[in-house]
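Protein sequence lines correspond, in order, to chains A and B. So the first sequence is numbered by the working numbering: it starts at 1 and just counts up by one. So the second sequence is numbered by the working numbering: it starts at 289 and just counts up by one. Don't be surprised by glycine CBs; every beta carbon is placed ideally from N, CA and C. Please read these numbers as outputs of a predicted model, since none were measured by experiment.
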Amino acid sequence: MKKYALFLGCMIPQRLPSAELATHKVFNSLGLEIAEMTGYTCCPDPILARLMDRKVALSMSARNLSIAEGQGLDVVVLCNGCYETLWEANEFMKRGETSREINELLAKVGRKYNGTINVRHVVEVLHEDVGIEAIKNQVKKPLGLKLAVHHGCHLFREENGRDIWRKPKQFEELVSATGAEVVRSDVDQLCCGFPTSHVDEEFSLKHNLLPKLERYQHIGVDGIVVVCPACNVQFESGQLALRRYSAKFSIPCLHLVELLALAFGAPSKELSLEFHRSPVSQLVARIG
Amino acid sequence: MMEEAEIVELLEKNIPDGLLSVVTPRVRKVSAEIAPAIIRKAAETLLGKGARLIIIAAVDAGLDIDLLYHFDLEGKVVVLRVKLGKEKPEIDTVADLTPTAEWAENEAAELCGVRFRDHPKPGHLVLSDKLPEGTFPLGKPFKSKLPDEIGPVAEAVITVGATAPISSLMKRRRVEAGLPPQPPASYSNESQLKEVHELIRQTNFSRQAGYDWKRKKLRGVKK
């Protein structure tokens with residue numbers, strides 16, 4: 001049984017625990033084991049926290065990685081932001097000078113990170129380690145839904161020279177494996193606006209979220225699938241916030257692991273989907 | 289003739305408790321950071337060796353006012369840096385120890401708002417007496433160098449190691465959903481959180497951000 005250290009990050013336990021529940025169900029169904037990362041911190045946040053101070057950001061990331069390394073496990077993340085931060089930190093920690101500098105700090109709290117593990121996005125784990133056929137084999141309830149896939153900016157983070165569409169395509173294939181139809185549109189790659197909402201909420205709502213929602217509504221999607229809790233929060237809280245500007249939407253948004261759990265036949269009640277602030281129940285009703 | 293190393297030794301020997309750091313950045317220069325409480329003892333130590341006070345420069349650094357006491361000791365410049373928190377920018381005068389300090393302290397007082405306790409001749413030096421009270425031309429807003437928008441994120445990361453810690457409502461809802469009230473994050477475990485705090489202290493970020501470890505919040509006036 002393949003085992004991973006699950007990095008939950010900040011947003012999922014606080015804003016989207018249903019994705020935490022769904023991850024356990026999906027991994028369990030697929031025969032994957034999860035280990036907790038006791039004492040983890042924020043990855044830290046790839047936009048604001050990483051801009052604050054390079055040393056504090058890298059040392060926190062390296063400390064997180066050292067927790068998983070201590071268990072001898074690769075890290076699996078459910079969030080694009082956590083993925084980028086930890087993946088990049090892992091790369092930096094393979095460089096002698098940075099590794100020495102950060103390990104000097106870690107040594108002061110009794111830790112060391114040797115750079116022996118990998119950081120994996122849940123999309124990579126499901127697509128590469130499990131495989132599309134194995135996913136399809138678990139689908140008990142093929143989802144006859146029309147879904148928009150919001151990849152999220154940081155999912156495009158890729159090793160130099162590799163295809164930046166590798167993970168986004170894997171994500172789409174995983175959604176298709178549930179029996180849902182992935183609907184492409186010209187706003188797919190537009191940022192949801194979460195990062196800019198910290199400094200200018202109105203801008204992020206009107207220039208990022210609004211055009212996406214308008215297009216998705218026009219296409220008539222049943223819902224939006226994401227692989228990042230920050231994007232999820234932006235899609236859900238943003239729909240409510242847009243009412244201030246007389247823009248009304250009612251589009252469900254959920255995380256890939258929740259979609260898979262539903263397709264694998266998990267009862268929606270067991271997933272506590274009421275944590276969502278968008279009408280996910282509407283989407284569940286369509287599944288039947 | 290005292291060498292730089294001997295000046296360092298002099299400071300280390302005479303003001304061991306309040307000497308926060310001391311370096312010799314270049315030939316004929318010694319820079320030390322000292323606690324405000326020992327300014328008189330430090331000045332007496334140098335003056336006792338025949339040093340003369342050149343000038344006191346005051347710099348408003350946002351959260352603190354840096355006072356830089358420049359001494360000349362046998363041709364070497366010895367700079368004593370004192371950080372005064374702007375919550376209460378006060379320090380003992382050294383004007384009674386060396387007359388040069390009298391005008392320099394008055395200048396720092398009127399331009400940056402430092403209060404020199406027991407100054408023998410307080411009052412304006414270069415500015416009009418009619419200037420409204422509390423007006424300090426070289427004073428800056430009481431805030432760190434971090435942009436305002438980043439403040440809450442910095443505070444949360446330093447305090448609990450997370451940008452979104454669990455609220456009490458969410459703890460209840462998590463339990464109802466069959467999850468533990470909190471994830472196994474640093475904020476769920478006292479010893480882990482202590483380790484995170486120590487790591488952050490080691491990076492010096494909390495000082496730059498102006499984090500007050502006792503009050504568990506960022507210093508400075510928030511928007």
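By the three-class DSSP mapping on this structure, what secondary structure does B:D352 have? Note: B:D352 maps to strand in three-state DSSP.
Could I get the ranges of all uninterrupted beta strand (DSSP E) runs contained in the stretch 339–383 of chain B, with 3 residues as the minimum, in chain order? 340–348, 352–361, 364–373, 378–380
Would you be able to state if there are at least three C-beta pairs under 8 angstroms between the stretch 495–504 of chain B and the stretch 303–313 of chain B? no
What's the C-alpha gap between A:A22 and B:L467? CA-CA distance, A:A22 to B:L467, rounds to 11 angstroms.
Tell me the rounded alpha-carbon separation between A:A266 and A:A19. Those two C-alpha atoms are separated by around 13 angstroms.
Tell me the DSSP secondary structure of A:Y245 in three-state form. helix
Would B:G449 pass as an interface residue toward chain A - the criterion being a Cβ-Cβ separation below 8 angstroms? yes
Inspect the beta-carbon positions of A:L174 and A:V123 and report whether they are closer than 8 angstroms. yes
List, from N- to C-terminal side, the beta strand (DSSP E) runs of 3 residues or more that fit wholly inside the stretch 166–232 of chain A. 181–183, 223–226
Buried or exposed for A:F171, going by 16 or more other Cβ atoms inside 10 Å? buried
At which residues does the beta strand (DSSP E) containing A:C82 begin and terminate? First-last for A:C82: 80–92, but that is the alpha helix (DSSP H), not the beta strand (DSSP E).
Going by DSSP, which residues form a beta bridge with B:F404? B:I379
What is the DSSP secondary structure of A:L254, reduced to helix, strand or coil? strand
With burial defined as no fewer than 16 other Cβ atoms inside 10 Å of the residue's Cβ, what is the status of B:P374: buried or exposed? According to the sequence provided, residue 374 of chain B is Lys. The question's Pro does not apply to it. Classification for B:K374: buried.
For A:H121 and A:Y83, I'd like the C-alpha separation in whole angstroms. Roughly 6 angstroms between the two C-alpha positions.
Tell whether a beta-carbon distance below 8 angstroms holds between A:K112 and A:D222. no
Using a Cβ-based criterion (distance less than 7 angstroms to any ligand heavy atom), does A:V233 qualify as near the ligand ZN? In the structure shown, the ligand ZN is absent, as is every other ligand, since no ligand is present at all.
Check whether the Cβ atoms of B:L355 and B:I322 sit closer than 8 angstroms, and answer yes or no. no
Spatially closest choice to A:C54 from A:T85, A:K25, A:E69, A:N28, by CA coordinates: For the record, residue 54 of chain A in the displayed sequence is Arg; it is not Cys. Ranking A:T85, A:K25, A:E69, A:N28 by CA distance to the CA of A:R54 puts A:T85 first.
In chain A, what lies closer than 8 angstroms to B:F493 by C-beta? M52, D53, K55, V56
So that I know if they touch, is there some Cβ in chain A lying closer than 8 angstroms to that of B:M290? no
Quick one, are the C-beta atoms of A:S237 and A:R286 less than 8 angstroms apart? No; because the gap between Cβ atoms is not below 8 angstroms, this pair is not in contact.
Are the C-beta atoms of B:V463 and some chain A residue less than 8 angstroms apart? no
Counting Cβ pairs, one atom from each stretch, are 3 or more of them under 8 angstroms apart for the stretch 426–445 of chain B and the stretch 463–479 of chain B? no
Along chain A, which residues have their Cβ under 7 angstroms away from the Cβ of B:V484? T41
Outcome for A:S66 when other beta-carbon atoms lying within 10 angstroms are tallied against a minimum of 16: buried
Alpha carbon to alpha carbon, what distance is there between A:K206 and A:Y245? 9 angstroms
Relative to the C-alpha of A:E201, which candidate in A:N64, A:Q239, A:S176 has its C-alpha closest? Comparing Cα-Cα distances from A:E201 to each of A:N64, A:Q239, A:S176, the minimum goes to A:Q239.
Got a sec: is the Cβ-Cβ distance from A:K169 to anything in chain B below 8 angstroms? With 8 angstroms as the cut-off, A:K169 does not count as an interface residue toward chain B.
With a threshold of 16 other CB atoms inside 10 Å of the CB of A:K167, please say whether the residue is buried or exposed. Within 10 angstroms of the beta-carbon of A:K167 lie 16 or more other beta-carbons, which makes it buried.
With a threshold of 8 angstroms between beta-carbons, can B:E478 be considered close to chain A, or not? no
Using a Cβ-Cβ cut-off of less than 7 angstroms, list which residues of the stretch 337–355 of chain B approach chain A; keep chain order. none
In chain A, which residues lie with their C-beta within 7 angstroms of the C-beta of B:V414? Going along chain A, no residue has its Cβ under 7 angstroms from B:V414, so there is no contact; the nearest lies around 38 angstroms.
By the three-class DSSP mapping on this structure, what secondary structure does B:T333 have? helix
Strictly below 8 angstroms CB to CB, what residues from chain B border A:P17? M458, R461, R462, A465, L467
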